[in-house]
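Q: Taken in order, these protein sequences are the chains called A and B.
Every position in the first sequence, counted from 1, becomes a number in my numbering once 12 is added.
Every position in the second sequence, counted from 1, becomes a number in my numbering once 12 is added.
In this text, a Cβ means the ideal position worked out from N, Cα and C, and glycines have one as well.
Quick one: the structure is below, questions incoming.
Protein chains: 2
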Amino acid sequence: MPAKLPLQKVDPRVRRTRRALRDALVVLILKKDYASISIKEVTALADTAYITFYRHYESLDQLLMEVLDEGLAELLTRIETLAKQSDTSDLETEGRLIFEYIAQKADLFRILFKSQSVAKARKKVIQNIAFIFQKACAPLSRLDNQVTINLTSNHIATSLLSLIEWWLDNGMNPPPAKMGRVYKSLIIDSTVGAVRSLSAMAG
Amino acid sequence: MPAKLPLQKVDPRVRRTRRALRDALVVLILKKDYASISIKEVTALADTAYITFYRHYESLDQLLMEVLDEGLAELLTRIETLAKQSDTSDLETEGRLIFEYIAQKADLFRILFKSQSVAKARKKVIQNIAFIFQKACAPLSRLDNQVTINLTSNHIATSLLSLIEWWLDNGMNPPPAKMGRVYKSLIIDSTVGAVRSLSAMAG
DNA sequence: GGCTATTGTTACACAGTATAACAAAAGGAG
DNA sequence: CTCCTTTTGTTATACTGTGTAACAATAGCC
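Take a look at the structure:
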C-alpha cells in the first residue's frame, strides 16, 4: 500500500524546513495535547516563518501524517514478514522482534496513540469493558498472574470495540445473528483457549 | 465504574438548555469532523446564546463526554450480563443482542468512532496491517467467504495495535520475549482456530 | 406577585487562521 | 564566481473563534 519513492534531488532548504517542522511537531505532540497545538507554535519551535508552513502543508493533520508515514514504514515491512511466517516456531521470534522494534521507536507509537477527545472517550469505554471482563473472568480461571488477566481483558474489550467499528463501517453486515457467532468464536472462545496455553507456560 | 444518580430536581431551563446543546453537538458531529466544530456553531444550532455554553460546560470535549456517558450506559450493562454468561449456548444469543442494540443506537457509536486526525492515522495503519494479513491468509485457507477474510484480518490488525498500546501503557512490561508468545497465542493461534470454527458453519 | 436563578444582548481583548506583496538569502548552473 | 531561480523571511491585513464582563430580559419557584 505505501508507494512512494521519488528519490529525486530536493532542494536542501526544503528538506531542512520540512524536517524542522516535523521534529517540532513531534516534540510538541509528546509534550501536550494534539488539539491544543497551533501552527504558530510549530513554526516558532521549528524556527521558521509562520507562512512557510503553508508553503509545504495544508494543515497540521497533513504534517502529522507525514511524520507517521516516515516512522511507521519499517513497522509495516516487519509485520509483513511476520504475517508471511507460517512456521510456528519462528512466529514467536518474529513477534518478539516487532515488540523490540516498537520499544526502539516508542515515541512514535506514543504519538500514534496519543489521545484526543474522541480517542479519550474510546479509551474510557474500553477500560470500562475491560474491567467488566476482568471481574467476570477472575473467579473462573486460577491465574495467579495479574498481568495475563489485565492483558486478556484488555484484548477482549478492544477486540469487541474494533469488531463493532468494523461492523458499522461494513454497513451493519453480516446481520446480528451471524455477528453473535463471530463474537463467540473470534473473541471469547479463542481468547479462552489462548489464556489456557499462556498460563501453561513458564511466565 | 459509572457512578452518578443525582435525581435531584433540576431547573427545567437548565435541562432544556443542556439537552439542546447535546442534541446540537450530535447533529453536527454526525455531519462533519469533530475538530472543525466550534462552540458558536453548537450554540447557534441549539438556538441558545453563545455564552450560555460556558455556563454549563468548560469545553466541547466535556459536552461530548456527557453525550457519550448518557448513551453508552446501557451498552455497558448489556456487556456486563454478556461477560457473566458462562453458558456457552446463551453466549451466542447475548452476543446477538448486543449487536442488535448497537444497530438501534448506531448514531451514537458512529460518534464514538468518528475520526479525528490521530484516529484517522490509526485507522490508516490498521488498514495497512489488515491488508498485509489478508494477503498472507488468503492462499492458506479455502475461504470462499470474503466477509470472513475481511473481518478476520481486521481483527488481527486491531488486536495487534491494541496489544501494542496496552504494552506501552503498561510500561513495556512484560519484556518482548513474553510478548512474542502472547502475540502468537492470543492473536494468531486463537484467530486461526476461530476461523476454522467459523468456516465450518453455515454462513 | 415577588424574589431568584437562568438566559439573552452587547461589548471587548485576545489568539490563531489564511492570504498577499515585497524584500532577503540561499541553492543550482554555467 | 556570477547570474538566475527558488525558497524563505517580513510585514500587513481580513477574518473567525475564544473566553469574559456587565447589564437587561425572562422564566421558574414559593
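Taking the alpha-carbon of residue 90 of chain B as reference, which of A:31, A:172, A:37 has the nearest alpha-carbon?
A: Here residue 90 of chain B refers to the residue found at position 78 of the second sequence. Answer by Cα proximity: A:172.
Q: Does the structure place the segment 86-103 of chain B close enough to the segment 57-69 of chain B that three or more beta carbon pairs sit under 8 Å?
A: No: the two stretches stay apart, fewer than three of their Cβ pairs being nearer than 8 Å.
Q: Taking all protein chains shown into account, do 16 or more other C-beta atoms lie within 10 angstroms of the C-beta of residue 100 of chain B, making it buried, or fewer, making it exposed?
A: Along the second sequence, one-based indexing puts residue 100 of chain B at 88. Exposed, since its Cβ has fewer than 16 Cβ neighbours within 10 Å.
Q: Whole angstroms are fine: how far does the CA of residue 168 of chain A sit from the CA of residue 199 of chain A?
A: Sequence index remark: in the first sequence, residue 199 of chain A carries index 187 (1-based). Sequence index remark: in the first sequence, residue 168 of chain A carries index 156 (1-based). C-alpha separation (whole angstroms): 6 Å.
Q: I want to know whether the segment 177-193 of chain B touches the segment 177-194 of chain A - three or more CB-CB distances under 8 Å.
A: With the cut-off at 8 Å, the segment 177-193 of chain B and the segment 177-194 of chain A do not touch.
Q: Excluding the 5 residues preceding and the 5 following residue 29 of chain A in the sequence, name in chain order all residues of the same chain whose CB lies nearer than 7 Å to its CB.
A: Indexing the first sequence from 1 puts residue 29 of chain A at position 17. Taken in chain order, the residues that qualify are 60, 64, 68.
Q: Going by C-alpha distance, which of B:82, B:137, B:93, B:112 is nearest residue 83 of chain A?
A: In the first sequence, residue 83 of chain A corresponds to position 71, counting from 1. Among B:82, B:137, B:93, B:112, the Cα nearest to that of residue 83 of chain A is on B:137.
Q: The alpha helix (DSSP H) spanning residue 22 of chain B covers which residue range?
A: Taking the second sequence and counting its residues from 1, the one referred to as residue 22 of chain B is at position 10. Looking at the DSSP string, residue 22 of chain B is not in any alpha helix (DSSP H), and its letter there is neither H nor E.
Q: I need the DSSP call for residue 68 of chain A, collapsed to helix, strand or coil.
A: Against the first sequence, residue 68 of chain A aligns to sequence position 56. Looking at residue 68 of chain A - three-state DSSP - the assignment turns out to be coil, as it is neither helix nor strand.
Q: Taking Cβ positions only, does residue 39 of chain A come closer than 8 Å to chain B?
A: Working through the first sequence from its first residue, we reach residue 39 of chain A at position 27. It does not; no Cβ of chain B falls within 8 Å.
Q: Could you give the first and the last residue of the continuous alpha helix (DSSP H) run that contains residue 47 of chain A?
A: Translated into positions along the first sequence, residue 47 of chain A becomes position 35. Counting along the chain, residue 47 of chain A falls outside any alpha helix (DSSP H), and DSSP gives it neither H nor E.
Q: Could you spell out where the alpha helix (DSSP H) holding residue 3 of chain A opens and where it closes?
A: Examination of residue 3 of chain A is not possible in this model, given that chain A is present from 13 through 215 alone.
Q: Just to make sure I have the definition right: I need the residues of chain B whose C-beta is within less than 9 Å of the C-beta of residue 68 of chain A. Which are they?
A: In the first sequence, residue 68 of chain A corresponds to position 56, counting from 1. Chain B residues near residue 68 of chain A: none, gap ~17 Å exceeds 9 Å.
Q: Taking residue 182 of chain A as part of the alpha helix (DSSP H), name the residues at either end of that continuous run.
A: As a working mapping, residue 182 of chain A is identified with position 170 in the first sequence. Per DSSP, residue 182 of chain A belongs to no alpha helix (DSSP H) and is neither H nor E.
Q: Give a yes or no on whether 8 Å exceeds the smallest Cβ distance from residue 104 of chain A to chain B.
A: As a working note, residue 104 of chain A is residue 92 in the first sequence. Chain B, which has a Cβ nearer than 8 Å to the Cβ of residue 104 of chain A, makes this yes.
Q: Using the Cβ count rule (16 or more neighbours within 10 Å means buried), how would you classify residue 118 of chain B?
A: Your numbering for residue 118 of chain B matches position 106 in the second sequence. Result: exposed.
Q: I want to verify the contact list: residues of chain B whose CB lies under 7 Å from the CB of residue 48 of chain A, in sequence order.
A: As a working mapping, residue 48 of chain A is identified with position 36 in the first sequence. Those within 7 Å of residue 48 of chain A in chain B number zero; the least Cβ separation is about 11 Å.
Q: Would you be able to state if there are at least three C-beta pairs under 8 Å between the segment 41-52 of chain A and the segment 71-79 of chain A?
A: The segment 71-79 of chain A, when compared against the segment 41-52 of chain A, does touch it at the 8 Å Cβ threshold.
Q: Using beta-carbon positions only, say whether residue 33 of chain A and residue 58 of chain A come within less than 8 Å of one another.
A: To locate residue 33 of chain A, count along the first sequence from 1; it is residue 21. To locate residue 58 of chain A, count along the first sequence from 1; it is residue 46. Taking 8 Å as the Cβ cut-off, residue 33 of chain A and residue 58 of chain A qualify as a contacting pair.
Q: Pull up the distance between the alpha-carbon of residue 27 of chain A and that of residue 47 of chain A, whole angstroms please.
A: Locating residue 27 of chain A in the first sequence gives position 15, counting from the first residue. Locating residue 47 of chain A in the first sequence gives position 35, counting from the first residue. If I take the Cα positions, the gap works out to 26 Å.
Q: Expressed to the nearest angstrom, what Euclidean distance is found between the alpha-carbon atoms of residue 96 of chain A and residue 121 of chain B?
A: In the first sequence, the residue the question calls residue 96 of chain A occupies position 84. In the second sequence, the residue the question calls residue 121 of chain B occupies position 109. Their Cα atoms are separated by approximately 34 Å.
Q: Whose Cβ in chain B lies nearer than 9 Å to the Cβ of residue 159 of chain A?
A: The residue you call residue 159 of chain A lines up with position 147 of the first sequence. Per Cβ cutoff of 9 Å: 182, 185, 186, 190.
Q: Whole angstroms is fine: what's the gap from residue 9 of chain B's alpha carbon to residue 204 of chain A's?
A: For chain B, the structure presents residues 13 to 215; residue 9 of chain B sits outside this window and is missing.
Q: Shorter than 8 Å from the beta carbon of residue 33 of chain B to some beta carbon of chain A?
A: Residue mapping note: residue 33 of chain B aligns to position 21 of the second sequence, counting from 1. No - not a single Cβ of chain A is within 8 Å of the one on residue 33 of chain B.
Q: Look at the alpha carbon of residue 94 of chain B and the alpha carbon of residue 35 of chain A, and state the distance between them as a whole number of angstroms.
A: Looking up residue 94 of chain B in the second sequence gives position 82. Looking up residue 35 of chain A in the first sequence gives position 23. Looking at the two C-alpha atoms, the distance is approximately 46 Å.
Q: For a test of the three-state rule: what should DSSP assign to residue 164 of chain A, helix, strand or coil?
A: As a working note, residue 164 of chain A is residue 152 in the first sequence. Correct three-state label for residue 164 of chain A: helix.
Q: Is there a Cβ from chain A that is less than 8 Å from the Cβ of residue 13 of chain B?
A: The residue labelled residue 13 of chain B in the question sits at position 1 within the second sequence. Note that residue 13 of chain B scores 46 on pLDDT, short of 50, meaning its location in the model is unreliable and no value can be drawn from it.
Q: Note down, in chain order, every chain A residue with its Cβ under 9 Å from the Cβ of residue 82 of chain B.
A: For the purposes of this step, residue 82 of chain B is taken as the residue at position 70 of the second sequence. Those within 9 Å of residue 82 of chain B in chain A number zero; the least Cβ separation is about 12 Å.
Q: Are the CB atoms of residue 131 of chain A and residue 131 of chain B within a distance shorter than 8 Å?
A: Within the second sequence, numbered from 1, the residue matching residue 131 of chain B stands at position 119. Within the first sequence, numbered from 1, the residue matching residue 131 of chain A stands at position 119. Result yes, Cβ atoms of residue 131 of chain B and residue 131 of chain A sit closer than 8 Å.
Q: Indicate whether residue 37 of chain A and residue 76 of chain A have their beta-carbon atoms separated by less than 8 Å.
A: Stepping through the first sequence from its first residue, residue 37 of chain A is reached at position 25. Stepping through the first sequence from its first residue, residue 76 of chain A is reached at position 64. Yes, these two residues count as a Cβ contact at 8 Å.
Q: Drop a sphere of 10 angstroms on the beta-carbon of residue 22 of chain A, count the other beta-carbons inside from all chains shown, and report buried for 16 or more, exposed for fewer.
A: Translated into the one-based positions of the first sequence, residue 22 of chain A becomes position 10. With fewer than 16 Cβ atoms within 10 Å of its Cβ, residue 22 of chain A is classed as exposed.
Q: Would you give the residue range spanned by the alpha helix (DSSP H) that residue 198 of chain A belongs to?
A: Numbered from its first residue, the first sequence carries residue 198 of chain A at position 186. That residue, residue 198 of chain A, is in no alpha helix (DSSP H); it is neither H nor E in DSSP.
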